[in-house]
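Undergrad: Dropping the structure in here first, questions after.
There are 2 protein chains.
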Amino acid sequence: MRYHRIPAETVRRLPVYLNALLLSLQQGKSISSSELSAIVGINPLQIRKDFSYFGGFGTRGVGYNIEKLIKKIKKILKLDSHHQAVLVGAGNLGSAVLAYPGFAAYGFQIAAAYDSDPAKIGKTINNITIEDAENIINLKKKNIKIGIIAVPRQQSQAIAQSLVNAGVTGILNFSPCRLAVPKRVKVITINIATDLARLPFYMPADKKIGFALNKRA
Amino acid sequence: MRYHRIPAETVRRLPVYLNALLLSLQQGKSISSSELSAIVGINPLQIRKDFSYFGGFGTRGVGYNIEKLIKKIKKILKLDSHHQAVLVGAGNLGSAVLAYPGFAAYGFQIAAAYDSDPAKIGKTINNITIEDAENIINLKKKNIKIGIIAVPRQQSQAIAQSLVNAGVTGILNFSPCRLAVPKRVKVITINIATDLARLPFYMPADKKIGFALNKRA
DNA sequence: AATACTTTGTGAATACATTCACAAAGTATA
DNA sequence: TATACTTTGTGAATGTATTCACAAAGTATT
Chain A
1 MRYHRIPAET VRRLPVYLNA LLLSLQQGKS ISSSELSAIV GINPLQIRKD
51 FSYFGGFGTR GVGYNIEKLI KKIKKILKLD SHHQAVLVGA GNLGSAVLAY
101 PGFAAYGFQI AAAYDSDPAK IGKTINNITI EDAENIINLK KKNIKIGIIA
151 VPRQQSQAIA QSLVNAGVTG ILNFSPCRLA VPKRVKVITI NIATDLARLP
201 FYMPADKKIG FALNKRA
Chain B
218 MRYHRIPAET VRRLPVYLNA LLLSLQQGKS ISSSELSAIV GINPLQIRKD
268 FSYFGGFGTR GVGYNIEKLI KKIKKILKLD SHHQAVLVGA GNLGSAVLAY
318 PGFAAYGFQI AAAYDSDPAK IGKTINNITI EDAENIINLK KKNIKIGIIA
368 VPRQQSQAIA QSLVNAGVTG ILNFSPCRLA VPKRVKVITI NIATDLARLP
418 FYMPADKKIG FALNKRA
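The listed protein sequences correspond, in order, to chains A and B.
First residue of the first sequence? That's 1 in our numbering, and the numbers climb one at a time after it.
First residue of the second sequence? That's 218 in our numbering, and the numbers climb one at a time after it.
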C-alpha cells in the first residue's frame, strides 16, 4: 500500500465513497465501480483510479467487496479508530452541529461544547452541557484532537489559538475567515455564504420577455 | 471583458475575495494583491491571475480600487442584483441557515421557509413563518430561483424535484446525497460530515511513547 | 527629467487531475 | 476446456490549474 502522493481530490472523494458504501452494505456483498458511480455521481474510471492509489483491492470481473473496501477506506482516512471532538460556539449553527446526526457514521463524537456567552454556559443540548470557553485546556489529556469552531468571525482566531494550545491538531472552521495556526495543524473551512455566492454565476440568465416575444413574432 | 473559460477554481475564490474586500472598504481606497493575500491566505500571483481573466482592472504601482473591484466581482458573480431564496427543512440545520447572518453581504435574502412536519408548520423563526412543503409551487412568479435544502437524506430528492418544478434553477444542498436534476439546474452540495471526515487524514499521527523511549535509549 | 521602486498583467513552464486505450484477471456459458 | 463477457488496473495522453519569469505601467524621489 503506497500512501504517498495521494491527490488531494482523491482524499476529498474518499469520504463520499465511504458514505455510499455504508448505505450499500445491506444491498449485497460486492459492488462494481459503475454501481458505486450511480450512487455518488462520479465517473467509474475516476473511482477505480482513486482506489488504485492504495493498491488494487478489487477483483476483476466482480467488483469490490463492500466490507473490505469500507475497512480499507476507513484505515486510509484514519477513521478506523473513533475520534472525539469539541465544539466551540453554541449559537444557531453550533447547536445544529451538536445535533447533526451524520458524524457518527464516520466515528466522530462530540465530547464537549464551549461558549463564552454566560447565558449559554450551563445549558444542555443533546446531552452535552455547554462549558465556559475559558476552560478549553488540556484536551490532549482527554485524547481530543479535533475542534469545531462555530463562533462569530471576530472571536474565531482567538478560539483557534486556545484550541491549538489545548492540543488540537485538526480544526473544522465555520467562521468566514482564515485562521492562522502552526503548520502541523490542519484547518478545513466550511463557508456557507461563499458556497451560496457562486450559485448565481452558474444559473441561467433570465430570459427577457420582450426578446421572447420578438422571436415568436 | 471575456467571460468565457473561467476556471472553476477562480469562481470558487471570487466570493472569498469579495468577502475580504467588503471588510477592507473602511481601511482605504485601494488594495494590492499582496495585501489582499494577507487577508485571504491566497498567493498574490493567483489573485492577479484570477482577476486577469476578466480583463486587467488594477492600476500598476498602486493596486486595485476597492469599490470598483467589489462592483466588478459582484457583476461577474451576478450578485449585483439581490437574490431571493427559499429554505426547505426547518430542523436544527435549517433553522441555523435561516438565522445565518452571512448571506446578506452577498445580497441574498431568505423569502420563505417550508417543512413537512405539522409540528413545525406555522412556527415563526427570524420573522419567517414555516409553510407546508406541499405549497412549494410557482416560485418563479415571486422571482425566486434559489432553493436551500436542509431535509433528511430520504426526502431530499423529492424536495429537489418540487423546487425544480416550482421554477428554481439553483440549489444549495445540505443533504448528504446526490440530487438528480435537469442540466440547466445547478446544485452545490455542502456535506459537513464528509468535510470533517478527511481531517484525520491530514492530522499528524500519535507518537507512540514506547518508540520515543527507544529512540532516547 | 532621470532613476529607483512598486505593482499589475501575461505567455510559457510546470504541476496536478482526469480521461483514454488497452492489458490483465476474473466469471459465466456452451 | 474454450469462448464470450465483465470488470479492475495502469501507463500514456489530454485537460486544467498554478507558478515562473519578465515586460509594462504606474508612483516616488533625487
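From the three backbone atoms N, C-alpha and C, an ideal C-beta is built for every residue, glycine too.
Say whether chain B places a C-beta atom closer than 9 Å to the C-beta of A:Val16.
TA: Answer yes: the Cβ-Cβ gap between A:Val16 and chain B drops below 9 Å somewhere.
Undergrad: Look at the alpha carbon of B:Lys289 and the alpha carbon of B:Phe268, and state the distance between them as a whole number of angstroms.
TA: Cα-Cα distance, rounded: 10 Å.
Undergrad: Can a CB atom of chain A be found closer than 9 Å to the CB of B:Thr440?
TA: A query on residue 440 of chain B cannot be resolved here, the shown segment of chain B reaching from 218 to 434 and no further.
Undergrad: Does DSSP put A:Ile130 in a helix, in a strand, or in coil?
TA: Three-state DSSP puts A:Ile130 in a strand.
Undergrad: In chain B, which residues lie with their C-beta within 7 Å of the C-beta of A:Phe108?
TA: Ordered by position in chain B, the residues that pass the 7 Å Cβ test against A:Phe108 are Leu413.
Undergrad: Which term fits A:Thr189, buried or exposed, when burial requires 16 or more other beta carbons within 10 angstroms of its beta carbon?
TA: Buried, by the Cβ-count rule.
Undergrad: So which residues of chain B does A:Gly102 contact, with C-beta pairs closer than 7 Å?
TA: By Cβ distance, chain B contributes Pro393, Ile409, Ala410.
Undergrad: Please confirm if B:Met218 has its CB atom under 9 Å from at least one CB of chain A.
TA: Only weak support exists for where B:Met218 lies, its pLDDT of 41 falling under 50; the value from the coordinates is given anyway. Output row for B:Met218: interface = no.
Undergrad: In chain order, what are the residue ranges of uninterrupted beta strand (DSSP E) at least 3 long that sit wholly in the segment 140-167 of chain A?
TA: Taking only runs of at least 3 residues, the beta strand (DSSP E) segments lying wholly in the segment 140-167 of chain A are 146-149.
Undergrad: By a C-beta neighbour count over all protein chains shown, 10 Å radius and 16 as the cutoff for buried, is B:His299 buried or exposed?
TA: Classification of B:His299: exposed, given that the 10 Å Cβ count is below 16.
Undergrad: Within the chosen definition, does the segment 173-182 of chain A reach the segment 147-164 of chain A through at least 3 CB pairs nearer than 8 Å?
TA: At 8 Å Cβ cutoff, the stretches touch.
Undergrad: Is the segment 309-325 of chain B in contact with the segment 187-205 of chain A, if contact means three or more CB pairs nearer than 8 Å?
TA: As far as the Cβ criterion goes, the segment 309-325 of chain B touches the segment 187-205 of chain A, which means the pair count is three or higher.
Undergrad: Return the Cβ separation of B:Ala350 and B:Gln374 in integer angstroms, given the expectation that the two are a contact with Cβ distance under 8 Å.
TA: Not really, about 13 Å apart at Cβ, beyond 8 Å.
Undergrad: Residues of chain B with CB closer than 7 Å to the CB of A:Pro204, please, in chain order.
TA: By Cβ distance, chain B contributes Thr386, Arg401.
Undergrad: With distances taken between CB atoms, is the gap from B:Ile345 to B:Ile327 smaller than 9 Å?
TA: Yes, Cβ-Cβ distance for B:Ile345 and B:Ile327 is below 9 Å.
Undergrad: Measuring only between beta-carbons, confirm whether A:Asn127 sits less than 9 Å from chain B.
TA: No, because no Cβ of chain B sits closer than 9 Å to the Cβ of A:Asn127.
Undergrad: Indicate whether at least one CB of chain A lies closer than 9 Å to the CB of B:Lys295.
TA: Output row for B:Lys295: interface = yes.
Undergrad: Please confirm if B:Ile287 has its CB atom under 9 Å from at least one CB of chain A.
TA: Taking Cβ atoms only, chain A never reaches closer than 9 Å to B:Ile287, which makes this a no.
Undergrad: Closest by CA to B:Val233, which one among B:Leu253, B:Glu348, B:Ile342, B:Asp297?
TA: Here the closest residue by C-alpha is B:Leu253.
Undergrad: Per DSSP, which residues does B:Tyr331 bridge with? Please list them.
TA: Looking at the DSSP assignment, B:Tyr331 forms a beta bridge with B:Val305, B:Glu348.
Undergrad: Per DSSP, what kind of secondary structure is A:Thr169 in: helix, strand or coil?
TA: Reduced to three states, the DSSP call for A:Thr169 is coil.
Undergrad: Compare the C-beta of B:Arg222 against all C-beta atoms of chain A and say whether one is closer than 9 Å.
TA: Answer no: the Cβ-Cβ gap between B:Arg222 and chain A never drops below 9 Å.
Undergrad: Contact between the segment 302-314 of chain B and the segment 254-274 of chain B is defined here as three or more beta-carbon pairs at a separation below 8 Å; is this criterion met?
TA: Touching, no, given that fewer than three Cβ pairs across the two stretches are closer than 8 Å.
Undergrad: Closer than 6 Å by C-beta to B:Gly278: which residues in its own chain qualify, once you throw out the five before and the five after it? Chain order, please.
TA: If we look at B:Gly278 and ignore the five residues flanking it on each side, it has no Cβ neighbours.
Undergrad: Can you list the residues of chain B that A:Leu163 reaches, using a CB-CB cut of under 8 Å?
TA: In chain order: nothing, as chain B lies at least about 13 Å away.
Undergrad: Using DSSP bridges, identify the partner residues of A:Thr189.
TA: The partner list for A:Thr189 (beta bridge, DSSP) reads A:Asn173.
Undergrad: Among A:Tyr202, A:Gly107, A:Leu25, A:Lys141, which has the Cα closest to the Cα of B:Lys362?
TA: The candidate whose alpha carbon is nearest that of B:Lys362 is A:Tyr202.
Undergrad: Can you tell me whether DSSP reads B:Ser249 as helix, strand or coil?
TA: B:Ser249: coil per DSSP, three-state reduction.
Undergrad: Determine the direct distance from the alpha carbon of A:Leu22 to that of B:Ser241, and round the result to whole angstroms.
TA: Taking the straight line from one Cα to the other gives about 45 Å.
Undergrad: Kindly indicate if chain B contains any beta-carbon less than 9 Å away from that of A:Pro200.
TA: True, the Cβ-Cβ gap to chain B drops below 9 Å.
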